[in-house]
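What follows is a single structure, written as structure tokens, with notes after it.
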């Protein structure tokens with residue numbers, strides 16, 4: 056019998072009622088979808104030009120003009136469609152369905168008769184199709200088309216976009232493969248692999264799964280396809296930053312199954328690892344499974360910021376080396392943390408272990424939420440853990456760090472990626488296999504689903520970040536099991552079942568409740584979720600002697616608006632009293648601020664007009680206010696700091 | 056009467072006998088000149104290709120082949136010639152004079168009949184002369200030719216190179232200027248301005264001084280010549296990193312006389328400021344004088360590392376913003392500190408104030424000396440204050456930092472610049488005006504010179520870095536004054552004159568001794584030069600809560616070879632006992648090492664296999680050994696750290 060892996064929940068079965076996340080889900084529907092539609096149509100004054108929809112019109116022959124934007128510009132439309140689909144499926148809003156249908160029609164008209172679909176190559180260089188896999192992003196763009204198509208089909212039952220995607224996928228299946236007349240290349244930017252698995256699930260066509268498998272297996276084979284392709288082009292490339300292209304950058308230095316450390320461009324890496332986990336599930340492949348575990352462990356125990364931010368090099372958005380986690384110059388692309396969520400979700404499915412969701416949660420509630428303003432119309436691409444706005448200028452090495460969220464970007468992958476992630480948040484809350492329902496996040500919500508033989512209605516109410524309490528009311532029509540993730544960062548909680556204390560079995564970091572049969576049940580968990588300081592491994596040079604404040608999965612930070620400038624002069628006492636304070640006014644989710652006292656250097660040398668001198672440290676006592684990292688920079692521009700110096704270590 | 060400014064001493068009058076600097080001066084003659092000659096002729100296996108001499112052969116029509124190397128490659132030969140000239144003039148070695156004569160002959164044959172001289176433009180794109188001042192470096196290269204020519208003429212009396220330089224300079228005087236048929240451009244990379252002043256001094260031809268003045272006055276005038284030139288080229292440039300060219304980069308954003316903060320490429324800026332000081336002296340120009348003072352103060356009180364390193368952005372070797380002094384990602388090009396020495400020397404001449412020599416000394420004895428291995432054949436281009444070799448890789452944002460000195464560079468400005476600086480060190484030790492001899496550095500040496508009416512023989516013996524003692528024996532043929540710099544970083548010393556305690560007058564940070572007439576005098580100074588810790592201004596975010604160890608002008612650092620890895624985990628007690636220890640074996644100059652104790656975090660969380668956790672700080676007591684920064688990385692590759700965390704600030 057084939058092993059039963061827990062699968063993410065369909066969005067239509069879940070209604071998110073959570074104060075914090077519910078507001079973000081609604082924000083996608085109410086604000087982000089319309090805003091991004093305006094952006095894609097170049098109707099937002101002052102924002103970076105997108106030209107995305109117009110590119111499709113030009114490709115369809117319905118408008119004159121030049122293509123504008125990066126080669127992967129089409130994906131902004133695809134991710135927008137995917138977000139619209141999720142809004143329809145999760146029930147938050149269907150207003151944009153007609154607009155989406157029109158866009159899908161336009162996309163269909165831009166598709167070439169043979170199925171090929173890419174506005175850049177259609178408009179700008181039709182003769183160059185598939186000749187620049189390293190940089191051309193045709194397969195990457197196709198992947199996002201497939202993801203959108205599957206989502207829109209699931210949400211609406213309309214198969215027009217699915218047909219478009221399948222027609223293109225079929226062409227790709229013809230072009231790529233191990234056959235003599237086929238191309239033995241693979242994407243320079245991975246993403247189509249996981250999309251092909253989705254397309255396989257939506258259509259049942261095994262060829263899509265086989266192509267995903269081909270792309271993973273062919274990668275890293277000698278001679279290196281991408282390097283040979285670059286040599287064939289003799290230096291004529293699309294991106295100047297690829298002049299020093301190396302194999303690690305796109306994870307083609309080894310066959311993926313042999314890779315042990317996370318290397319190269321973080322988003323490419325993590326989309327690929329997610330696809331590897333997909334294939335490990337689909338094919339029950341032990342070697343891929345082990346490779347995924349090694350890569351996961353390398354990232355989460357050596358190459359990840361406490362915010363779930365990954366890819367710590369300002370140069371090409373890359374992974375670097377173990378314990379290289381600079382706070383101010385790091386990259387931590389919003390998309391990379393989204394991709395880490397995707398990888399973690401699949402690893403949880405693959406292993407049945409809840410602990411992967413700790414990292415999913417960490418990435419979500421810190422870096423991904425920080426990636427978007429609470430108003431929905433401004434975004435961070437780069438998510439450092441320390442910001443000094445004055446030195447984030449083009450003339451410094453810090454020009455990749457924007458001290459304020461931006462309306463849009465020349466490379467605009469992050470904003471629609473955040474939108475589709477928030478709109479599909481339910482998939483990260485619940486999963487199920489044949490016999491069990493898994494609760495993976497404490498996000499207040501309602502669920503109706505069916506397991507093998509049992510219908511379940513469930514209501515989850517969480518005030519986890521206020522008082523540590525999570526209550527689950529379940530109606531089950533028959534016996535089934537409920538598995539509730541136990542976060543690794545909390546001590547064992549007090550459980551009750553129908554009001555009586557219980558000590559459930561724990562399996563794979565899930566508390567397991569066997570519901571005996573038809574009936575109503577109430578389970579509660581009371582966690583202690585107090586704010587406290589954590590340290591980093593002593594090998595993390597950037598954090599030596601420092602501590603970060605966390606409460607549950609949320610990382611806190613100091614902002615200039617509350618604590619003045621020169622945050623690096625603050626010293627804290629990690630053993631002193633910490634108080635929770637009222638949430639920030641106007642911010643979603645009632646996340647408390649945290650107050651504590653510290654000391655701040657106000658001068659360090661006798662003559663303050665000089666640069667160096669005999670140490671004469673003068674301190675002020677200061678009252679500090681830390682706010683959730685995910686909400687930083689929603690009030691005023693200013694300095695921000697996560698890792699704070701500890702006053703008395705010894 | 057024209058004001059008498061102190062002028063640097065002619066090298067021929069000084070014999071450096073200093074243990075440390077004497078060994079470097081000899082190293083230039085014995086090792087560096089031959090090594091760099093081999094490099095320029097591509098005879099060093101494993102080093103970056105230079106092709107410099109071969110380029111001249113090709114330009115002279117005496118060899119076939121392509122030009123190789125950057126557009127300013129000729130300057131490597133010019134700076135080598137300049138260093139050879141200084142070795143001849145300072146008496147350390149004349150062996151390379153025949154080789155230099157041959158090279159000069161070759162350079163002469165590569166010169167075009169109209170005087171134009173530049174191998175790149177002659178060989179590669181003769182039609183493009185003077186059309187790309189922004190990037191083409193023709194004027195920069197001409198400047199280095201002039202400097203070499205003046206030096207070689209002064210050293211040998213041979214005027215062949217001077218004739219070549221003047222012929223080119225005359226052409227440049229024709230091409231550039233305010234006349235209707237002349238070009239109103241100016242160099243993209245400044246340096247010719249100060250070279251023209253030297254050429255004026257060597258030849259007495261005022262047109263060279265006037266051209267220097269024109270280049271400074273024309274710069275920053277609207278419309279901006281360089282920006283218009285870039286627009287005319289329509290994106291066809293030489294350097295990809297100039298895609299985002301801005302006016303500040305080459306200090307053309309304002310007329311230099313109006314500039315108040317140091318902006319843009321540090322070497323360009325400082326060569327220009329040096330020329331501005333030259334012109335302020337030559338023209339007794341108060342406005343230029345004031346501009347120079349403002350720029351100097353901005354640099355030395357807000358934008359300079361404690362090592363005298365400047366230009367703190369890894370992006371384009373630039374100045375950034377006030378107090379932005381990152382330790383690991385900084386640039387601090389060796390050439391920039393050489394240029395700072397040049398600017399400081401001229402400011403001391405302009406103002407008659409010794410304090411400028413504090414910065415000259417700081418730059419010299421830290422960054423410039425660190426730029427070269429004690430073996431003379433390896434060089435740093437970039438001089439950070441904190442190095443973790445593992446993360447200095449192409450895949451990180453730290454690829455500009457090389458953790459070990461290199462045999463040569465694709466852009467090889469630094470090695471020959473260090474050579475010519477060390478070979479001409481005497482110019483920084485002594486200066487004189489009509490009536491006074493100035494002693495600006497405590498570098499053991501002997502001097503014979505003449506003031507107006509007085510001949511002086513002097514012997515300076517310094518064990519300043521060992522016991523703080525400096526002794527000066529003087530024979531004067533007539534009354535004159537001797538002005539001895541009093542370093543700003545020391546307390547007032549004990550002075551003796553002929554064995555008796557005296558308290559000399561202090562003017563402009565010089566101790567003034569009036570020698571009454573013909574006779575012999577012995578002056579001694581006993582300073583207290585103990586190692587001690589200093590702090591940075593509290594606005595320097597990178598150094599908050601840290602201290603650096605200094606002894607006199609020398610900055611010390613911790614190296615992995617003495618103190619293990621993870622130097623960032625070390626905490627020091629700035630009030631504890633500090634001991635001087637034996638100098639490092641095999642290193643020049645008997646600079647003591649410094650020993651003290653500290654504590655080192657050996658683990659910070661309970662489970663060392665994890666990345667984050669509850670703080671559980673564990674420390675080891677450690678015995679630390681700090682070594683002079685200028686000698687770091689002469690033993691083993693490893694971590695290095697200047698700014699150390701302080702254990703008990705409060």
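Protein chains in written order, with the numbering used here: chain S, 56 to 705; chain W, 56 to 705. Ideal Cβ placement from N, Cα and C applies to all residues, glycine included.
Return helix, strand or coil for residue i, following the three-state DSSP convention.
i	result
residue 331 of chain S	helix
residue 235 of chain W	coil
residue 72 of chain W	coil
residue 390 of chain W	helix
residue 56 of chain W	Residue placement at residue 56 of chain W cannot be trusted, given a pLDDT of 39 that sits under 50; the coordinates are not used to answer.
residue 603 of chain S	strand
residue 2 of chain S	Shown here, chain S extends from 56 to 705; a query on residue 2 of chain S therefore has no answer.
residue 707 of chain S	Examination of residue 707 of chain S is not possible in this model, given that chain S is present from 56 through 705 alone.
residue 63 of chain S	strand
residue 202 of chain W	helix
residue 211 of chain W	helix
residue 173 of chain W	coil
Is it the case that the CB of residue i approaches a heavy atom of the ligand ZN more closely than 8 Å?
i	result
residue 435 of chain W	This structure lacks the ligand ZN; in fact it carries no ligand of any kind.
Whose Cβ in chain S lies nearer than 8 Å to the Cβ of residue i?
i	result
residue 465 of chain W	Chain S residues near residue 465 of chain W: none, gap ~13 Å exceeds 8 Å.
In chain order, what residues of the same chain lie with their CB nearer than 6 Å to the CB of residue i, ignoring the 5 residues before and after it?
i	result
residue 244 of chain S	192, 195 and 323
residue 695 of chain W	442, 612, 614 and 687
residue 644 of chain W	74 and 75
residue 130 of chain S	196 and 199
Just the chain W side, please: which residues come within less than 7 Å of residue i by C-beta, in chain order?
i	result
residue 359 of chain S	666
residue 596 of chain S	443, 621 and 623
residue 409 of chain S	Neighbours of residue 409 of chain S on chain W: none; closest Cβ ~17 Å, over 7 Å.
If I measure Cβ to Cβ from residue i and keep anything under 7 Å in the same chain, skipping five residues before and after, which residues do I get?
i	result
residue 523 of chain W	581, 582, 583 and 584
residue 572 of chain W	533 and 534
residue 239 of chain W	233, 273 and 280
residue 237 of chain W	230 and 231
residue 631 of chain S	651 and 652
residue 302 of chain S	279, 282 and 308
residue 689 of chain W	428, 429 and 642
residue 594 of chain W	378
Which chain S residues are close to residue i, counting only those with a beta carbon under 7 Å from its beta carbon?
i	result
residue 203 of chain W	By Cβ distance, chain S contributes nothing, its closest Cβ being about 32 Å from residue 203 of chain W, past 7 Å.
residue 122 of chain W	Those do not exist, as residue 122 of chain W stays about 19 Å from chain S at its closest Cβ, beyond 7 Å.
Which residues in the same chain have their Cβ closer than 8 Å to the Cβ of residue i, if we skip the five residues on either side of it in sequence?
i	result
residue 109 of chain S	96, 97, 118, 120 and 123
Candidates the options: which alpha carbon is nearest residue i's?
i	options	result
residue 566 of chain W	W:539, W:429, W:590 and W:551	W:539
residue 401 of chain W	W:217, W:329, W:371 and W:386	W:329
residue 640 of chain W	W:474, W:494 and W:683	W:683
residue 220 of chain W	W:241, W:211, W:247 and W:210	W:247
residue 261 of chain W	W:317, W:338 and W:208	W:338
For a contact defined as C-beta to C-beta under 9 Å, what are the partners of residue i on chain S?
i	result
residue 449 of chain W	299, 301 and 370
Within 9 Å of chain W by C-beta, residues of the region 303-316 of chain S in sequence order: 303 and 304
Interface residues of the region 363-384 of chain W facing chain S [CB-CB below 7 Å]: 368, 369, 370, 373, 375, 376, 379 and 384
Chain-ordered residues of the region 626-640 of chain W with a beta carbon less than 8 Å from chain S: 626 and 629
Members of the region 233-247 of chain W near chain S, C-beta cut-off 7 Å: none
Interface positions of the region 582-595 of chain W facing chain S (Cβ-Cβ less than 8 Å), listed along the chain: 587, 588, 589, 590, 591, 592, 593, 594 and 595
Residues from the region 660-687 of chain W in contact with chain S, defined by Cβ distance under 8 Å: 660, 663, 664, 665, 666, 667, 668, 669, 670, 671, 672 and 674
Chain S contacts from the region 598-617 of chain W (Cβ-Cβ distance under 7 Å): 599, 600 and 602
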